[in-house]
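One rule links them: number in my numbering = place in the sequence shown (from 1) + 31.
Backbone N, C-alpha and C define an ideal beta-carbon position, used for all residues, glycine too.
Everything numeric in this text was worked out from a predicted model, so none of it was measured.
Input: a single structure, listed below in structure tokens.
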Amino acid sequence: MYPKLFPLSCPPLQDSPPRPKHMTVAFLKTHKTAGTTVQNILFRFAERHNLTVALPHPTCEHQFCYPRNFSAHFVHPATRPPHVLASHLRFDRAELERLMPPGTVYVTILREPAAMFESLFSYYNQYCPAFRRVPNASLEAFLHAPETYYRAGEHFAMFAHNTLAYDLGGDNERSPREDAAYLAGLIRQVEEVFSLVMIAEYFDESLVLLRRLLAWDLEDVLYAKLNARAASSRLASIPASLAQAARAWNALDAGLYDHFNATFWRRVAHAGRACVEREARELREARERLLRRCFGEEPVLRPAAQIRTKQLQPWQPSRKVDIMGYDLPSGVAGPATEACLKLAMPEVQYSNYLLRKQKRRVGVRARPEPVLDNPPPPRPIRALPRIPQGH
Ligand SMILES: Nc1ncnc2c1ncn2[C@@H]1O[C@H](COP(=O)(O)OS(=O)(=O)O)[C@@H](OP(=O)(O)O)[C@H]1O
Numbered sequence: 032m033y034p035k036l037f038p039l040s041c042p043p044l045q046d047s048p049p050r051p052k053h054m055t056v057a058f059l060k061t062h063k064t065a066g067t068t069v070q071n072i073l074f075r076f077a078e079r080h081n082l083t084v085a086l087p088h089p090t091c092e093h094q095f096c097y098p099r100n101f102s103a104h105f106v107h108p109a110t111r112p113p114h115v116l117a118s119h120l121r122f123d124r125a126e127l128e129r130l131m132p133p134g135t136v137y138v139t140i141l142r143e144p145a146a147m148f149e150s151l152f153s154y155y156n157q158y159c160p161a162f163r164r165v166p167n168a169s170l171e172a173f174l175h176a177p178e179t180y181y182r183a184g185e186h187f188a189m190f191a192h193n194t195l196a197y198d199l200g201g202d203n204e205r206s207p208r209e210d211a212a213y214l215a216g217l218i219r220q221v222e223e224v225f226s227l228v229m230i231a232e233y234f235d236e237s238l239v240l241l242r243r244l245l246a247w248d249l250e251d252v253l254y255a256k257l258n259a260r261a262a263s264s265r266l267a268s269i270p271a272s273l274a275q276a277a278r279a280w281n282a283l284d285a286g287l288y289d290h291f292n293a294t295f296w297r298r299v300a301h302a303g304r305a306c307v308e309r310e311a312r313e314l315r316e317a318r319e320r321l322l323r324r325c326f327g328e329e330p331v332l333r334p335a336a337q338i339r340t341k342q343l344q345p346w347q348p349s350r351k352v353d354i355m356g357y358d359l360p361s362g363v364a365g366p367a368t369e370a371c372l373k374l375a376m377p378e379v380q381y382s383n384y385l386l387r388k389q390k391r392r393v394g395v396r397a398r399p400e401p402v403l404d405n406p407p408p409p410r411p412i413r414a415l416p417r418i419p420q421g422h
């Protein structure tokens with residue numbers, strides 16, 4: 032039912048058999064896994080090829096009413112039927128099948144669970160009650176005794192326990208130690224649906240596999256790193272004991288990661304490791320050239336307060352965490368600048384922009400927004416971008 036569309040082989044680029052680019056893609060954007068960078072690649076591809084991007088109904092904000100299970104009702108009517116879907120949602124296979132055209136390729140991305148958990152702990156510290164209870168916002172204290180702070184089922188609990196499993200539609204409270212069959216079943220379900228599970232630690236190699244799977248050009252997967260925390264907002268390194276505790280607490284996620292990391296390297300070996308590495312190198316070189324062209328000879332990630340272009344100021348989760356972004360050099364304009372703007376555009380601005388554009392295209396601008404039967408409660412997350420100091 033879900034085609035493993037193209038066998039992954041890795042002949043030199045110029046010898047690739049010409050086949051049309053695949054245009055229907057559903058990307059499950061898991062949390063804190065480099066998903067915003069992948070989403071931006073897909074949004075730009077969709078715009079360049081005049082494709083429709085599924086976008087959330089405004090009452091869902093720019094996510095598909097996460098953490099609720101995905102429903103096709105959450106999709107704004109002006110963005111249906113879509114070619115591409117790439118916004119946060121909790122996976123629900125039947126509902127996605129209802130929405131996406133047959134032949135859609137499903138992909139997702141995972142990140143090493145300790146690094147992912149450290150990012151979640153920092154980013155959602157003010158929103159997730161389990162994290163807010165911890166004295167001095169100490170990751171070490173939380174991981175030393177997670178049950179002291181964690182309450183299953185409370186608001187945003189999924190950001191504090193097996194977030195990957197939850198995003199994939201699984202039950203994040205299961206323990207693989209007590210129920211190994213559950214993890215095996217979840218892995219099987221993911222394998223049935225997703226043609227590629229990318230790995231954030233091997234982002235460029237993942238993009239090489241992605242672009243070959245979809246028969247896209249290397250240019251189609253060039254990117255700027257988005258949604259990265261400043262060095263001052265994250266741990267320089269995670270001590271081994273803490274990483275071990277993070278894996279033990281998030282044992283389902285650790286099991287998923289270990290399995291799909293191994294699968295990933297089998298896919299790389301099948302494609303030809305030397306060839307994948309060569310192409311990843313070409314990608315990095317092309318990407319560096321693009322970043323220099325767009326953001327100046329020394330393209331640097333900056334804190335939001337130093338970004339003058341409003342459309343490029345990333346949303347800030349709290350005063351304690353700095354999310355970085357790029358800025359355009361002053362006094363430049365034109366189509367190339369527009370492409371550079373999109374390359375570094377954060378998720379909130381890009382989603383709003385695409386929704387406006389697609390609404391204009393189908394002529395629903397003047398009509399009132401349709402009302403959801405059962406709207407979600409208001410969410411504090413990402414309500415407003417923090418205004419950078421001095422603006
Ligand atoms: N290209 C690439 N390679 C490796 N890592 C990358 C990449 N792009 C983004 N990132 C890191 O991913 C983290 C943000 O993830 P998301 O965009 O998925 O976060 S979110 O859930 O949408 O808020 C965030 O991690 P932390 O900085 O540790 O928080 C980013 O630095």
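According to DSSP, simplified to helix, strand and coil, what is residue i?
i, result
"Y384", "helix"
"A262", "helix"
"S349", "strand"
"V252", "helix"
"I338", "coil"
"V138", "strand"
"I230", "strand"
"A397", "Any reading at A397 is ruled out, since the residue's pLDDT is 44, under 50, leaving its predicted position unreliable."
"R163", "helix"
"V106", "strand"
"F122", "coil"
"N100", "strand"
"L59", "strand"
"M147", "helix"
"R205", "coil"
"A85", "strand"
"M355", "strand"
"F225", "strand"
Assign residue i to one of two classes, buried (16 or more other C-beta atoms within 10 Å of its C-beta) or exposed (fewer than that).
i, result
"H80", "exposed"
"P98", "buried"
"E185", "exposed"
"D210", "exposed"
"A397", "Its pLDDT being 44, under 50, A397 is placed unreliably by the model, and the measurement read from it follows with that caveat. Result: exposed."
"E2", "Coverage of the chain is limited to positions 32 through 422, which leaves residue 2 absent and any answer about it impossible."
"R163", "exposed"
"V363", "exposed"
"G216", "exposed"
Let me check understanding here. Comparing Cα to Cα, which of the options lies closest to residue i?
i, options, result
"E329", "L321, N156 and A335", "L321"
"V165", "Y158, Q157 and Y180", "Y180"
"M189", "G216, A161, A212 and A176", "A161"
"F295", "A271, L238, T340 and R265", "L238"
"E313", "S272, A335, L253 and N258", "L253"
"L287", "C91, R142 and A261", "R142"
"E204", "I218, V221, A215 and A183", "A183"
"R208", "A282, L73 and P177", "A282"
"P270", "R111, A109 and L170", "L170"
"R315", "T90, G201, D353 and L249", "L249"
"E223", "V138, V352 and S118", "V138"
"D257", "T68, P49 and R50", "It is Leu, not Asp, that sits at residue 257 in the sequence shown. For L257, the nearest C-alpha among the options comes from T68."
With a threshold of 8 Å between beta-carbons, can residue i be considered close to chain C, or not?
i, result
"E222", "Of the protein chains in the structure, only one exists, and it is not chain C."
Using a Cβ-Cβ cutoff of less than 6 Å, which residues in the same chain neighbour residue i once the five nearest sequence positions on both sides are dropped?
i, result
"N27", "No answer is possible for residue 27: it lies beyond the span of the chain, which begins at 32 and ends at 422."
"L386", "L86"
"M229", "I140 and S237"
"M131", "A57"
"N156", "F162 and A168"
What's the gap between the Cα of residue i and the Cα of residue j?
i, j, result
"L174", "T194", "15 Å"
"A274", "A146", "8 Å"
"S150", "R318", "25 Å"
"C371", "Q389", "21 Å"
"L245", "A77", "13 Å"
"H8", "H93", "Residue 8 is absent from the model: the chain starts at 32 and stops at 422."
"P408", "I338", "Reliability fails at P408, whose pLDDT of 46 lies under 50, so the model's placement of it is uncertain and the value that follows must be treated cautiously. Each residue's alpha carbon lies about 32 Å from the other."
"K60", "D198", "8 Å"
"R278", "A196", "13 Å"
"D358", "F148", "29 Å"
"M355", "S349", "13 Å"
"P334", "S102", "36 Å"
"K63", "E178", "23 Å"
If I measure Cβ to Cβ from residue i and keep anything under 7 Å in the same chain, skipping five residues before and after, which residues do I get?
i, result
"K35", "Per-residue confidence for K35 stands at a pLDDT of 48, beneath the threshold of 50, marking its modelled position as unreliable; the derived number appears in the next sentence. Only S226 meet the Cβ criterion."
"Q380", "Q342"
"D251", "F76 and R242"
"H53", "L36, V136, L245 and A246"
Less than 7 Å separating the Cβ of residue i from some heavy atom of ligand 3?
i, result
"G66", "For ligand 3, the structure offers nothing, since it holds only ligand 1."
Starting from the C-beta of residue i, find all residues in its chain whose C-beta is less than 8 Å away, skip the five residues before and the five after it, and write them out in chain order.
i, result
"S206", "A282 and L283"
"R129", "A103"
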